[in-house]
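**Q** A single structure is presented below for examination.
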Amino acid sequence: MNRQCQPIHQERCFNPWCNEELFNESRFIGLFRMGRRDFFALVHLVRPHVRNGNNRDICGLTIEEKVGVMLYRVGHGSSYETVGHLFNIGKSTAYYVSQNVVQAILEALHDVTIIFPDVNDNVEWEHIKEMFKRRQGLTNIIGAIDGTHIPIIPPPNDQWNSYVNHKGWHSIAFQCIVDGNGNFRNVYGGLPGSVHDSCMFRKSQIGKDLINGIAQFPHDCLLIGDSGYSSKLPILTPSRNQHDAEHICFNHIHSLTRMVIEQSFG
Numbered sequence: 001m002n003r004q005c006q007p008i009h010q011e012r013c014f015n016p017w018c019n020e021e022l023f024n025e026s027r028f029i030g031l032f033r034m035g036r037r038d039f040f041a042l043v044h045l046v047r048p049h050v051r052n053g054n055n056r057d058i059c060g061l062t063i064e065e066k067v068g069v070m071l072y073r074v075g076h077g078s079s080y081e082t083v084g085h086l087f088n089i090g091k092s093t094a095y096y097v098s099q100n101v102v103q104a105i106l107e108a109l110h111d112v113t114i115i116f117p118d119v120n121d122n123v124e125w126e127h128i129k130e131m132f133k134r135r136q137g138l139t140n141i142i143g144a145i146d147g148t149h150i151p152i153i154p155p156p157n158d159q160w161n162s163y164v165n166h167k168g169w170h171s172i173a174f175q176c177i178v179d180g181n182g183n184f185r186n187v188y189g190g191l192p193g194s195v196h197d198s199c200m201f202r203k204s205q206i207g208k209d210l211i212n213g214i215a216q217f218p219h220d221c222l223l224i225g226d227s228g229y230s231s232k233l234p235i236l237t238p239s240r241n242q243h244d245a246e247h248i249c250f251n252h253i254h255s256l257t258r259m260v261i262e263q264s265f266g
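Take 1 as the starting number for the sequence shown in the UniProt record's numbering and just add one per residue.
Pasting the structure below:
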C-alpha cells in the first residue's frame with residue numbers, strides 16, 4: 001500500500017502540543033510562531049471546517065497535527081518534503097494538509113474578521129476615527145490604504161514578465177486597508193506584480209464603489225494614502241507643495257499617520 005495513504009495508528013513522536021516538559025512555551029513558539037493558547041484557539045476555530053476535523057483521517061492525522069503541519073510550513077517556509085519528514089507523513093500529504101487548513105481558516109474567518117463596519121454603524125466608525133486621531137491628530141480618517149507585494153516563483157509561461165514589480169522581482173500584488181490599530185479591514189489582490197497601486201484600486205470593489213459615488217463609509221470620512229492615489233476621491237493624500245512650511249509639516253503628520261499600514265505589512 002502507498003505510504004502516503006496507509007493509515008497510521010501508532011503514536012507519533014513529534015507532538016509538542018502534548019509534551020509540555022520537552023517542548024516548553026519558548027520552544028513551542030519557535031516551532032509554530034505562536035504560543036499554546038493561540039494554537040489551541042486556532043484548532044478550535046478551524047475544527048468544523050477541516051475535513052475529518054473531529055477524527056483521524058485515512059492518514060491518521062489529528063486536527064492538532066494538521067494545524068501543526070500548516071503552521072510549521074508557513075512559519076518556516078520549509079519544503080513539503082521537510083515538513084513531511086518532521087511529521088512522519090508523505091510529501092503530498094503535507095501539501096494536502098497545509099492547503100486544507102489554510103482553506104479552513106479562510107472559511108472560518110470569511111466575512112467575520114476582515115470587514116468594514118456597516119455604513120450606518122456610527123458607533124464603530126467613531127471608534128475607528130478615534131484610533132487615527134490618537135496617532136497624530138488627523139480627524140475623520142477611517143482607514144490607511146496601500147499596496148504590498150508577495151514574492152512568488154516566476155510562472156513557467158509567457159506571462160512571467162507581467163509579474164515583475166517595480167522593484168524588479170516577481171510578485172503578486174495586494175491592496176489592503178487597515179484601521180488605526182493596524183487591523184486589516186479590506187483586502188483585494190492576486191494581481192500580477194506589475195500592476196500599479198492606482199490601477200489595482202480602480203479594479204477593486206471598494207475602488208469602483210468610491211469612483212461611482214457609492215458609499216462604503218460615512219460621507220465625512222476619508223481614507224489616507226500615498227501620492228499614488230487620486231486626491232479627487234475620498235482619500236487624503238500628501239500635499240504636492242514641498243516648499244511651504246505648513247505643507248511640509250502636514251506631510252510629516254500624514255506620513256506618521258499612514259505608517260500604521262507599513263507596520264501591518266511588517
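Glycine included, C-beta positions come from ideal geometry on N, C-alpha and C.
I'd like to check one pair, Ile128 with Phe184: are the Cβ atoms closer than 8 angstroms?
**A** Residue mapping note: residue 184 aligns to position 184 of the sequence shown, counting from 1. Residue mapping note: residue 128 aligns to position 128 of the sequence shown, counting from 1. No, these two residues do not count as a Cβ contact at 8 angstroms.
**Q** Leaving out five residues on either side along the sequence, give the residues of the same chain with a beta carbon under 8 angstroms from the beta carbon of Phe265.
**A** Along the sequence shown, read from residue 1 onward, the residue named residue 265 stands at position 265. If we look at Phe265 and ignore the five residues flanking it on each side, its Cβ neighbours are Asp146, Thr148, Cys176.
**Q** For Gly193 versus Ser227, is the C-beta spacing smaller than 8 angstroms?
**A** The residue given as residue 193 occupies position 193 in the sequence shown. The residue given as residue 227 occupies position 227 in the sequence shown. Going by C-beta atoms, Gly193 is not nearer than 8 angstroms to Ser227.
**Q** How is the alpha helix (DSSP H) around Leu109 delimited, first residue to last?
**A** On the sequence shown, position 109 is the one that residue 109 refers to. Unbroken alpha helix (DSSP H) run through Leu109: 91-109.
**Q** By the DSSP assignment, the beta strand (DSSP E) with Asn212 in it spans what residues?
**A** Position 212 of the sequence shown, counting from 1, holds the residue named residue 212. Unbroken run through Asn212: none, as it is neither H nor E.
**Q** Based on DSSP bridge pairs, tell me the residues matched to Ile141.
**A** Sequence index remark: in the sequence shown, residue 141 carries index 141 (1-based). Partner(s): Leu222.
**Q** Which same chain residues end up closer than 8 angstroms to Glu262 when comparing Cβ atoms and leaving out the 5 residues on each side of it in sequence?
**A** As a first step, residue 262 must be located in the sequence shown, where it is residue number 262. Same-chain partners within the cutoff: Asp146.
**Q** Give a yes or no on whether the C-beta atoms belonging to Gln205 and Tyr188 are separated by under 8 angstroms.
**A** On the sequence shown, position 205 is the one that residue 205 refers to. On the sequence shown, position 188 is the one that residue 188 refers to. Contact flag set, yes.
**Q** DSSP beta-bridge partners for Val178?
**A** Numbered from its first residue, the sequence shown carries residue 178 at position 178. Paired residues: Ala144, Phe184.
**Q** Identify which residue in Ile105, Asn88, Val69, Ser98 has its Cα closest to the Cα of Leu45.
**A** For the purposes of this step, residue 45 is taken as residue 45 along the sequence shown, with counting starting at 1. Among Ile105, Asn88, Val69, Ser98, the Cα nearest to that of Leu45 is on Ile105.
**Q** Per DSSP, which one or two residues make a beta bridge with His170?
**A** Position 170 of the sequence shown, counted from the start, is the residue given in the question as residue 170. Its beta-bridge partners are Val164.
**Q** Pull up the distance between the alpha-carbon of Glu130 and that of Asp220, whole angstroms please.
**A** Locating residue 130 in the sequence shown gives position 130, where the first residue counts as 1. Locating residue 220 in the sequence shown gives position 220, where the first residue counts as 1. Their Cα atoms are separated by approximately 14 angstroms.
**Q** Specify whether the stretch 68-82 and the stretch 27-46 touch according to this definition: at least 3 beta carbon pairs, one from each stretch, less than 8 angstroms apart.
**A** Yes, they touch.
**Q** From what residue to what residue does the alpha helix (DSSP H) around Thr82 run?
**A** Here residue 82 refers to the residue found at position 82 of the sequence shown. Segment 80-87, the alpha helix (DSSP H) holding Thr82.
**Q** Any idea if Ser162 is buried or exposed, counting beta-carbon neighbours within 10 angstroms, 16 or more meaning buried?
**A** Taking the first residue of the sequence shown as 1, we reach residue 162 at position 162. Under this definition Ser162 is an exposed residue.
**Q** On the criterion of 16 or more Cβ atoms from any shown chain inside 10 Å, does Glu126 qualify as buried, or is it exposed?
**A** If you number the sequence shown from 1, residue 126 lands on position 126. It is exposed - the Cβ of Glu126 has fewer than 16 other Cβ atoms within 10 Å.
**Q** Given this structure, state the Cα-to-Cα distance separating Val117 from Arg240, to the nearest angstrom.
**A** As a working mapping, residue 117 is identified with position 117 in the sequence shown. As a working mapping, residue 240 is identified with position 240 in the sequence shown. One point to set straight first is that residue 117 is Pro, not Val, in the sequence displayed. Distance between the alpha carbons of Pro117 and Arg240: 32 angstroms.
**Q** Can you give the Cα-Cα distance for Gly182 and Phe87, rounded to whole angstroms?
**A** Position 182 of the sequence shown, counted from the start, is the residue given in the question as residue 182. Position 87 of the sequence shown, counted from the start, is the residue given in the question as residue 87. Using only the alpha carbons, I get a separation of about 34 angstroms.
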